[in-house]
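These notes concern the structure reproduced below.
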Amino acid sequence: MTNINWKVRIKNPMFWVQIVVAIFVPVLGYMGITAQDLTTWQAVGNVILTAFSNPYVLLLMATSVYNAIIDPTTTGITDSKMALTYNTPNSDK
Numbered sequence: 000m001t002n003i004n005w006k007v008r009i010k011n012p013m014f015w016v017q018i019v020v021a022i023f024v025p026v027l028g029y030m031g032i033t034a035q036d037l038t039t040w041q042a043v044g045n046v047i048l049t050a051f052s053n054p055y056v057l058l059l060m061a062t063s064v065y066n067a068i069i070d071p072t073t074t075g076i077t078d079s080k081m082a083l084t085y086n087t088p089n090s091d092k
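Here numbering that gives the first Met the number 0 is used: the first residue of the sequence shown is 0, the next is one more, and so on.
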């Protein structure tokens, strides 16, 4: 994973949205939880503890994060040579 332009990804808000969704959607789906079930911090804490104590849910989260990180337009788990040269996210306008 050294051939990924982490500097640009970390600056990109959409990267963080993808990571948050990649972590929380598998947890909510596996546990059958909706937003209405998370109305207290205690409920949120219980969900987090349950998720991190379940190897299957951890595997689901890791797979989702992996899928959010890889660039499906390149071979392997790397960014393209062009993407590695970016200092900010490319905007093809």
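We treat Cβ as the ideally placed atom computed from N, Cα and C, and that holds for glycine. As the structure is a prediction and not an experimental result, all values here were calculated from the model.
>> Which runs of the alpha helix (DSSP H) at least 4 residues long sit entirely within the region 4 to 58? Give them in chain order.
In response: 5 to 10, 12 to 30 and 40 to 51
>> Can you give me the C-alpha to C-alpha distance between S97 and F14, rounded to a whole angstrom?
In response: Residue numbering for the chain in the displayed model covers 0 to 92; residue 97 lies beyond these limits and cannot be assessed.
>> Please report the straight-line C-alpha distance between N4 and N66, rounded to a whole angstrom.
In response: For this step, residue 4 is matched to residue 5 along the sequence shown. For this step, residue 66 is matched to residue 67 along the sequence shown. Going from the Cα of N4 to the Cα of N66 covers about 16 Å.
> In three-state DSSP terms, what is N66?
Replying inline: The sequence position of residue 66 within the sequence shown is 67, counting from 1. DSSP places N66 in helix when its eight states are reduced to three.
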